[in-house]
Structure formats: structure tokens, C-alpha cells
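Below: one structure, written as C-alpha cells.
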Amino acid sequence: MSIATTHPAEHHADHHPSGMLRWLTTTNHKDIGTMYLTFSLIMFFVGGAMILAVRAELWQPGLQLMQPEFFNQLIGVHALVMIFAALMPAATGFANWMIPLMIGAPDMALPRLNNWGFWILPPAAILLTLPFTLALMGIGDGAIATGWTFYAPLSVQGGMGVDFAILSVHMLGISSIMGSINIIVTIFNMRAPGMTMMKLPLFAWGWLITAFLLIATLPVLAGAVTMLLTDRHFGTHFFDAAGGGDPILFQHLFWFFGHPEVYILLLPVWGLMPHVLSTFTRKPTYGYKAQVYSFIAIGLLSVVVWAHHFFTVGLPVPALIYFMFSTMLISLPLAVLFFCWIATMWKGAMTFETPMLFAVGFIVLFGIAGLTGLILADVAADAQYHHSYFVVAHFHYALFAGGIMGVMTGVYYWLPKWTGHMYSEKLGKWHFWLTVVSFNLTFIPQFFLGLAGMPRRIPDYALQFAEFNAISTVGAFILGISQLLFAWNIWLCVRGGPKAEGRVWEGAEGLEWELSSPPPHHSWETQPVVK
Amino acid sequence: MSHCVCQGGKHMNTSATRRSLWLARFCASAGLLLSGAAHAEYKFNFPEPVTPIARETLHIHNEFMLVITILFVVVFAIMIYSMVKHRKSVGHQPAKFTGPTGTVQWFWALVPFAILLFIDFILMGIPAVQAIIEMEDTKTRADMVLKVTGMQWKWQYEYPGTDVKFISTMSTPREQISNAEAKGEHYLLEVDNAVVLPVGKKVRILLTSTDVIHTWWVPQFGVKRDAIPGFLRETWVKVEKPGTYRGQCAELCGKDHGFMPVVVHAVPEPEYLAWLEQKKAEAKAAAGGADRTWSRDELMAAGKEAYAKQCVACHQPEGQGMPPAFPALAGSKMVTGPLLGKDGKIIKDSHVDRVLNGKAGTAMQAFRNSMSDVELAAVITYERNSFGNKTGDMIQPAQIKALR
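One line per chain: the protein sequences are W and P, in this order. All residue numbers for the first sequence refer to my numbering, where the first residue is 5 and numbers rise by one. All residue numbers for the second sequence refer to my numbering, where the first residue is 15 and numbers rise by one.
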């Protein structure tokens, strides 16, 4: 890297090893970003295949395809894969690719840590899913079957799949913490001259808060699962009442991480939205400062509201009231964000290319997540929603429509910048409309199932739930198959296509668009000056 | 469609009836538009509430749904207006503003937040606090207590102060679940022993668990409370209308989580008292059974029955188990090992020890708490002389009684 700062980019662009070794040893933020994104896309399909098997089982009452034990494994691993191996790496991939380009830095601050951070992920994903294969070979009884939440004492009782999951979560956590440290150090130290914190692109701001949240909360999860491990194998009784422990302690620790995790997944996407909206409305971002302060406020609030995930365990009345009102308070900074997004669109000159379509789809559907979240905070009503399909629908609006559709927005927005080619707009639009329609077809019925009283995580259900489940399964399969269009479009775009300009989009503003598409292997070796 | 409206709207006798009806109609038509189908089985709102809490909950839910629907429509109407009017293709020129300027704009920028604050902390916040206080007030003027114990994968009900205590397991045959038989009307929501409660009485419900966390939930009661091993949690119900109410365990509790329904018969008080007397008599008869000597055939027959209720889910009909989580009983060293020590005491980690005291950290619970002396003696004898096991020995209910 010391050479890199003194020579022009073209000279040493071909000095690095080729083939597999290049990807194993690379410290280049663009290579690592690409690896994160590829890994994320693969795991997105792995997690998706698991849940399609679940939806197929739920197609009609009765057990058709699998036994309950296997069903329980699929739902938990689906969630862990989607959260830790699909959504989080996608956001880290974005950060790796875009933050240095956006802030005028030559690379991430800690390139070797960056490489290590990525290469921990594939073994962790293998560890998580290995028990499925081992069970086929007659070893053990399969993957973790407790749902992604690891609730003790069910997880104390579970088979070796739980140990695999604990180890895997440790590795995924270490990887995320490494990535976070790198992002914080990069943003604080490597901004182009003249780029003050209040000129920092909002995407970088969103990620900065995410990084702090990860560093603050992941160690708590690591602690909780380690306590679980020692309860399982070394005779401790953290979560066992017979030894003076308390099973609810686990839930407190888990959700102290688990609630901020929601914002960890969403903040990078919230940071991305103003860029996309401002590009396709050809109008500057509305309320930059308000958005920054909202990010910070949400970050702070997210660590003081965790108990709303388990209102039904029997908390004292003052705790119920506190957690209800603190949760409702989050609606304020969130409303600021919605206000700013819509105000950015107001009186612009809009066009609706695929990234803009996904951004608008994101705002509307994530709006449903936010509004249903508001009523879930109401303790009395929550007694009915909790542990039901209503909650399942709610958090898929947050994490699929919010998280994953946000990531898709970013992919379509930046793909021409990464590859130097335009993707197929026609395929992109097909992908968008199929995704939005089938997503709603999948999850709107689940709101009604929850209200009618169907608990979540059951492999078989009473007859009155049959119709909505059938609709939901149809929706899920269309949703799953539509995503092949996404992968196909990316593949075509990587292979070729019309040449993309440096600025790509007419209304794009920011340092990243000053570079060619694709940018040179080493970019911003001379830092630009921001006025 | 009119049927769907009734699902949400009928049987409400509060002042909120009219509004709720309107809302139910609104939700139902919105739902129909979205799902694009109309059929008698579709339900778009909570089932009919039968307790004060459930009515309150439905009311809060309907009101909140109305509020968020209005917010949704207003906000996105503005957005859609902008998307139609402010397009490049219609020649709209982009404005340059980046924030509110001047008092008027600041006023309009802050109004949404004032509205939100009002909704969060006043309009919905105050009724919510009242509802919480009412919901958690389990002790004031409680007429009776019911103790509910969750266990993998059944519920035990106790009426403290009487000897009445029984286990309630799902009665849907496995053949229906595996699609070998047609499914009955109450598929998965039917039990062998329903819990019986008097109508119009405030019942304080204490909950605990013997193994993992379960959640006791009857949607029409509007309460859902976790049963936590080693702790007592509480809630209350006051059922206002006789009937049979069905619910399910709501917390993932292992493989048969989907198969532990809750069924409550709410009956007028005299009927309840008569039922309680009958249960008391049964309990007395069962306790008396422990004092006499049972023949081998009697024990085997009672054991087979108890096995089918308590053991078969894990250890399977032929005792083959589901290793490694649920060990086989057929040919098991433990089951075919010595019955009791020479001193007549329990040998550690023997068959009797495992059945009575369970194994910590596994699904094998301590059945001494949930089965009678007769059932325990019978099931132990049955297991030792079935599935190809031929120990030839047997244990008497009186012996179990002495070993407790």
C-alpha cells in the first residue's frame, strides 16, 4: 500500500496475484466489497430456499413434507442466514465499495482487517448450516431448532445444532465488529480535505451509527450465547431457576442486542435513500441535518427499548409503561425521515428508473412496518399480536420491504458504477413489480392470520387458517422465483451491456460520481478537495 | 362479504359498537380488495371477545388501526400527488429548497410531529396505560384461582384448595395430522380434558412450566402470558359468555409446539360446581387406588393408557424413540435394568429414577409432579414388559407412594 500512494494507479493494477489467490489475499476495498455482495446474494438464495420449503409445508393443513423438528430448524436458520449472512454482509459490501469513493479516501483505513473480516464469513455460514448435512449422514439431530432467538431453556435442551449456531454467531459477530471498527476509523480519519462531518454523505452517516450500534451491542449477544454455552456444557445455571438463574435474563440480553439489530440492518438503507431520491428528483436532499440528528436519536433510543419484544413474559407495570412509551418515542425521529424523503421528492423533476421504483416501494411498504410497529408498542393490544403471524408480517415489512428492498435499491443504483455497464431496465422493472406484488400477496394474509389467532412457528394449523396460508404460499413462491430475475440481471450487467458514464445518472451528485465507471482499481490516490 | 363484516363487528355491546362496526367493515373491504377473494372462511379481525380485557383490546386495536390507516392514506396521498405532478416527463422543473424557510414552513414541518406526539402519548397512550393497569390487576376481587403448568407438550390444570388436578393433551389423532384420515372440525384445537371455568367470575390464573417456556393463549380472552420454568406468572380472565374457547401454545417449545392446544369450557356457576364435585370424587377414587394391590394385567392396561397420553410423543408407539434426542425404550439398558435397590430405595439413574425425577436439561421431565401413583406404577410396569422388553417384574402404586 505504501507504493500505492506514490505511483499512479495504472502501473501496479496488474501486480496483484491472479485467480483464487487474488480474492483470498486482496486488501482492496472494491474487491472486498464485491466479495461481500456476492456472498450476500448467494446466502439470500440459501435462506430463501429454506423458507420456501417452510411455505410449501404450510400450503395446507396437515404435515406433508417434513416433521416438526425439521420445520423448526428451517425457520430458525432461515432467520439467522437472512439477518447475519444476507442483509448484514450486503450493507458491509455497500460500505466497502462506496464509503471510500464517497468521502474521497484511497481505501479503507485498515485493509488487512478488512480482508480478514470478510473471510471469517464463509466458514461461519458453513458452521451454521453444517448440522443439516451432518444429520443426513446420521450425526446429530440437525441444525438449531429454537428459532433465531436461542431462547433458554429450549436452547439448553437442544442438540449440537445449538453449539454450531453459537460458534457461528461468535464468528459472524467478530466479523461485523471488525467491519465496524474499520468503517468508523475510515470515516473519522480519511475524509477528503474540506469534508466536515456535516458535509459527510448521509449513507456514510447511516453506516457510522450502525457501526457504533454493532460495537455496543454485539458483545452483549456474544456474552449471552457464551453463557448459554456454559449452561449447556459446563454446569453453570445462568438461565436455570433450579440453580438460581432466570430464563428471562436471556431474553433481556438477547434483545438488548436484538432490537438495535433492527436499526443496524436499516440505518445503512436509510442513509442510502436520500442519495437515490435526490438523484432521481434532480433536487438537493431535504433536511440533511434533521436526518443526521434522527439517525443519532434512533441509535440512542434503540438501546433503551428492548423489552417490547417480550411484553408477555410478565414484566412489572412500571416497566411495561416505560418500554411502551420509549418505543413509541421512536416514531418521532422515524417520522422525520419519512418527512424528509417525501419533501425531497416534492417539487422535483422525477423519473422512475429501477432504483427510484425500489426507493418508492421501500418508502410505502416500510411505512406499513412503521405504522404496525406503532400499534405493536401498545402493551394491551400487543397481548394479542405477540407471537402471532401479525408480528411475522410486521417484521417482514421492516426487514424485507425495509432491509432487502433497500439493498436492491442500492444494487440497481450503484451497479453501473461498479461494473461500468448499464443493467437491463426492462428486467429491473419486471423484478420490481413482481417483487412488490408477490411480497404483499405473501404478507398481507399473514396480518389477518395473526389477528385471527394463528401463532407463529407452528408446522401445522387449524382449518380456519387454511385459505390465507394457501394465498401466502403462492405469494412466497412468486416472490422467491422473481428474485432469479435479480440475479440474472446482475449477471448480465457484470458480463456486458451498454457502457455507463462516470456520472451514470443525470441528477447524481457526490464524489463517487466524479470517478469513471468502473472506477480504477485504486481511486482517490490524490484526495479531492471539498469546498 | 357481509359475513366478514359480522366476524369483526357482531356481539359488541360497548359504546364503541358503531365505530367498531364501521371499522370492521373498512378493514374487511380493504382486506378483500387486497386479497382479491371473498369466502366465508376469511377473517379480518380478532375473534369475538368474551372477556372485558379482550373487548378493551379489540377496541384499542380498532381505534389504532383507524389512526394508522388515516396516517397512511394522508402521507402517501401527498407522495403520490407529488409523483404524478412533479415528473420530468410532464416538464416539471426541480426546485432547490433543502429545508423549511420562514415561520409558515416551519409551522407546517412541525405539525406532523405534534400530531404524532398527541397520538402516541395522549390519544392512544392514556387508554393504553389504563388497559395495562386493568390487565395486570390480577388480585383485586378475584373469585378463584386456576394454576396452569406448561409442559412439553401438554397443559396441566390445578384448582388450588381442592385435589383437582389433571393433564390436558391434544386429542386430534396422529392419523389426521399425517393426512391418513379426514380432518375433524376442531383439528388441532381439541383436547381430552378441557379446563372448566365458571362464567362471570374473576379467575386469577397462575402460570408456570416444568421444562421450557410456554405461552398460554386463548384469543377470545385477550390474554397471553408466558409460563416460565421455576417462576410463577399471573394473569386473569372473567368470561362473560358460556361456550367453548380454543387457543394454542404461542411460544416455540420444541417439536410438538404446534400440538398443545388450550380448550376452555365456560359454564354457569352451578354447572361448574357440579363438575368440580365430580372431579373431586374422581381424585379421591384415584388416590384410594394407590393403597390396594394391583394385578399385573390391571397395571399393564392402565400403563398402556398412560403411555399413550404421556410418553408416546417422544418415545413413539413401539418404544423405538427418536434418537439421539429421545432415546428408545425398546431394549434400553436402563429400562431392562434392576427395578429398585436391595434396600427398596431408588437406584440413581435407574428406570424408576428417570421416570419420577426426569433428566435435567432434556425434555424428560420429572413425572412425579404430574402423574398419580397408579399411573406411575402402571407406566413403569408397562414399559418394562412391552416393546420386546421382558423383565417380568412389576411395581405397585403403594411402592411409588412410599418412594415419593
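For each residue, glycine too, the CB sits at the ideal point set by N, CA and C. The structure presented is a predicted model; accordingly, all values stated were derived computationally and were not measured.
For Leu204 of chain W, there are no CB contacts under 6 Å within the same chain when 5 residues up- and downstream are skipped. Taking Val277 of chain P as the centre and dropping the five residues before and after it, the same chain places the C-beta of Val205, Ala208, Arg260 closer than 6 Å to its C-beta, in chain order. Taking each of P:Asn193, P:Trp120, P:Ala391, P:Leu246 in turn and checking the Cα distance to Ile414 of chain P, the smallest one comes out for P:Ala391.
Put simply, the backbone Cα of Ala380 of chain P is about 36 Å away from that of Pro322 of chain W. Within chain W, the C-beta atoms nearer than 8 Å to that of Arg247 of chain P come from Val317, Gly318, in chain order. The alpha-carbon of Thr405 of chain P is positioned some 50 Å away from that of Asn473 of chain W. An exposed status is given to Pro502 of chain W, since fewer than 16 other beta-carbon atoms sit within 10 Å of its beta-carbon.
Counted as a single uninterrupted DSSP element, the beta strand (DSSP E) harbouring Lys168 of chain P occupies residues 168–172.
Contacts between Met149 of chain P and chain W, judged by CB atoms closer than 8 Å, involve Val383, Ala384, Ala387 in chain order.
Burial is judged here by how many other beta carbons sit within 10 angstroms of a residue's own beta carbon; Gly142 of chain W has fewer than 16 and is exposed.
Setting aside the 5 residues that flank it on each side, His82 of chain W is surrounded in the same chain by Gly51, Met54, Ile55, each with a C-beta closer than 6 Å to its C-beta; the list follows chain order.
Here the alpha carbons of Thr358 of chain W and Lys421 of chain W stand approximately 15 Å from one another. In the DSSP assignment, Trp308 of chain P falls outside any beta strand (DSSP E), carrying neither H nor E.
Taking each of P:Glu254, P:Ala339, P:Thr229 in turn and checking the Cα distance to Ser392 of chain W, the smallest one comes out for P:Thr229. Val281 of chain P places its beta carbon less than 8 Å from that of Pro212 of chain P.
Shown in chain order are the members of the stretch 326–351 of chain P whose Cβ falls below 9 Å from a Cβ of chain W: Met336, Pro337, Pro338, Ala339.
Of all residues in the stretch 275–307 of chain W, those with a C-beta nearer than 8 Å to a C-beta of chain P are Thr285, Arg286, Lys287, Pro288, Thr289, Tyr290, Gly291, Tyr292, Lys293, Ala294, reading in chain order. Under the three-state reduction of DSSP output, Met70 of chain W falls in the coil class, being neither helix nor strand. Excluding residues up to 5 positions away in sequence, Ala294, Ser298 lie with their Cβ nearer than 6 Å to the Cβ of Val340 of chain W in the same chain. One Cα belongs to Phe315 of chain W, the other to Leu246 of chain P, and the distance between them is close to 16 Å. For Pro66 of chain P, no CB of chain W lies under 8 Å from its own CB, so it is not counted at the interface with that chain.
When secondary structure is reduced to three states using DSSP, Gln144 of chain P falls in the helix class. Under the 10 Å beta carbon count, Glu195 of chain P is surrounded by fewer than 16 other beta carbons and is classified as exposed. Going by beta carbons, Leu419 of chain W and Leu105 of chain W fall outside the 8 Å limit.
Within the DSSP bridge table, the entry for Val278 of chain P names P:Val209, P:Tyr259 as partners. Contact annotation for Leu202 of chain P against chain W: Pro65, Ile462, Asp464, Tyr465, Ala466, Leu467 [CB-CB distance below 9 Å, chain order]. In the DSSP annotation of this structure, Leu246 of chain P is not part of any beta strand (DSSP E), being labelled neither H nor E. In the DSSP assignment, Thr186 of chain P falls outside any alpha helix (DSSP H), carrying neither H nor E. Under DSSP, the beta-bridge partners assigned to Asp240 of chain P are P:Thr229. With fewer than 16 other CB atoms across the displayed protein chains lying within 10 angstroms of its CB, Asp363 of chain P is exposed.
The beta-carbon of Met328 of chain W is placed less than 8 Å from the nearest beta-carbon of chain P. In the DSSP assignment, no residue is bridged to Ile300 of chain W. Here Asp225 of chain P is buried. Its C-beta has 16 or more other C-beta atoms within 10 Å.
Val162 of chain P: member of the beta strand (DSSP E) spanning 158–165, first to last residue.
The distance from the Cβ of Leu84 of chain W to that of Trp27 of chain W is about 25 Å, inconsistent with a contact at the 8 Å cut-off. Residues of chain W with a Cβ closer than 9 Å to the Cβ of Gln379 of chain P do not exist, since the nearest Cβ in that chain sits about 11 Å away.
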